[in-house]
Amino acid sequence: MCGRFTLIAEMDYIAELFEVVGAMNISDDYSLPAVQMPARFNIAPSQPVLIIKNQIDVVQKLKNTANMQLAQWGFIADWMKQPPRSLIINARSETALVKPMFRGAIEQNRCIIPASGWYEWKTIRGVKQPFYMSRDMSKTNNSLLAFAGVHSRFMAADGSEIDTIAIMTKPAVGMLKQVHGRMPCLLPQDNFKHWLDGWNVRGRNALELIDDAEVENLKIHAVTRDVGNSRIDRDYFIDEIELEETVIKKPEPKAQLSLF
DNA sequence: CCAGACGTTGTT
DNA sequence: GTCTGG
DNA sequence: CCAGACGTTGTT
DNA sequence: GTCTGG
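Following this line, the structure appears as structure tokens:
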């Protein structure tokens, strides 16, 4: 699945990638970047994430064009009176069309979450070893990935509003299966516009925009277990480490003794 | 009819 | 084991 | 997603 | 809001 990721690119570079959908990252008075975000090597659930979504309630000239903004990672449906007791960080693409929680958002409130890569943990001989998935720059000239997401504006009991998102997931394909059974849904740049168009593209058609071709251009490597602590964000979290060292150091767990 | 849920992930 | 915080 | 807490008392 | 269980 996708429960931790990175976004390392310059905001200008991200904005450039999303110019195809009209996202410009400028404020309403055109004087400043609308959103700034430092390089992030450990984006965790509950934190603010950068998203691209279509504007539906702004001035007419920007109606249904995309913009960049921040949203909280942890989906809260707009009809909920209270946030769910545990964070909803993912939405299964296989079932989102029929789930009460996601049905509205997959039809009308789709968004894109730009990412430089993501982490998955695999338990190897009792050690929870994180791996980092990112683009292999020898196979592509664009470092950014685009996760498919759903968005919801939640109004809390006190009247305050927050934008929330979940990242869509699907069964892992190709080499990703070696590490984990599920993966984030990826969108090619050509499909950004349709994915975001909740007016003209129905949910079932939007799901067909998810594309596995990008997996061929990914690389996977083991990284430090320090990344598990979401309170820490350091650039070395994405550095490749030798898997043997971390796994071999730990003693083999006691063999399971048969009771019979 | 009302009350209560509404989600995902993993499981050496 | 289970919940909370990030 | 993982890491870390998980409790009470009385207290200058 | 909408569905399920009782």
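If you read the first sequence in the numbering used here, its first letter stands for residue 50, the second for the next number, and so on. Don't be surprised by glycine CBs; every beta carbon is placed ideally from N, CA and C.
| task | Would you mind working out which of Arg-231, Pro-149, Ile-100 and Pro-132 sits nearest Glu-169, comparing C-alpha positions? | result | Restricting attention to Arg-231, Pro-149, Ile-100 and Pro-132, the CA atom closest to the CA of Glu-169 is found in Arg-231.
| Can you tell me whether DSSP reads Lys-268 as helix, strand or coil? | The three-state secondary structure of Lys-268, taken from DSSP, is strand.
| query | Per the contact definition of three or more C-beta pairs closer than 8 Å, is the stretch 171-188 in contact with the stretch 112-129? | reply | Under the 8 Å Cβ criterion, the stretch 112-129 does not count as touching the stretch 171-188, having fewer than three qualifying pairs.
| 8 Å Cβ cutoff met for Asp-288 and Ile-281 | No, the Cβ-Cβ distance between Asp-288 and Ile-281 is not below 8 Å.
| message | For Ile-173, count the other beta carbons within 10 Å of its own beta carbon; 16 or more makes it buried, fewer makes it exposed. Which is it? | response | Its Cβ having fewer than 16 others within 10 Å, Ile-173 is exposed.
| field | Chain-order list of residues whose beta-carbon lies under 6 Å from that of Glu-263 (same chain, five-residue window excluded) | value | Result list for Glu-263: Leu-235, in chain order.
| message | In the DSSP output, which residue or residues are listed as bridge partners for Phe-196? | response | Answer is Ile-162 and Leu-235.
| request: Kindly indicate which three-state DSSP category Ile-281 falls into: helix, strand or coil? | output: It is coil, neither helix nor strand.
| query | Buried or exposed: where does Val-70 fall if 16 or more other Cβ atoms within 10 Å of its Cβ makes it buried? | reply | Its Cβ being crowded by 16 or more others within 10 Å, Val-70 is buried.
| query | Are the CB atoms of Ser-183 and Gly-166 nearer to each other than 8 Å? | reply | Going by C-beta atoms, Ser-183 is nearer than 8 Å to Gly-166.
| Taking the alpha carbon of Asn-254 as the point to measure from, which residue in Asn-240, Ala-83 and Ser-135 has its own alpha carbon closest? | Checking every option, the nearest Cα to that of Asn-254 belongs to Asn-240.
| said: Mapping the DSSP letters down to three states, classify Gln-157 as helix, strand or coil. | reply: Reduced to three states, the DSSP call for Gln-157 is helix.
| field | beta strand (DSSP E) runs contained entirely in the stretch 178-223, provided each spans 3 or more residues | value | Complete beta strand (DSSP E) runs here, min 3: 194-204 and 210-220.
| With 16 as the cutoff for other CB atoms within 10 Å, does Gly-252 come out buried or exposed? | Burial call: buried.
| Candidates Lys-130, Val-147 and Gln-121: which alpha carbon is nearest Ile-137's? | For Ile-137, the closest C-alpha among the options Lys-130, Val-147 and Gln-121 is that of Gln-121.
| field | Cβ-Cβ separation, Ala-154 to Met-217 (assumed contact under 8 Å), whole Å | value | In fact, because the Cβ distance is near 10 Å, the residues do not count as touching under 8 Å.
| field | Residue interval of the beta strand (DSSP E) (run including Met-60) | value | The continuous stretches of beta strand (DSSP E) do not include Met-60, which lies in the alpha helix (DSSP H) extending over residues 60-66.
| query | Which residues mark the beginning and the end of the beta strand (DSSP E) in which Lys-148 is found? | reply | Here Lys-148 belongs to no beta strand (DSSP E), and DSSP marks it neither H nor E.
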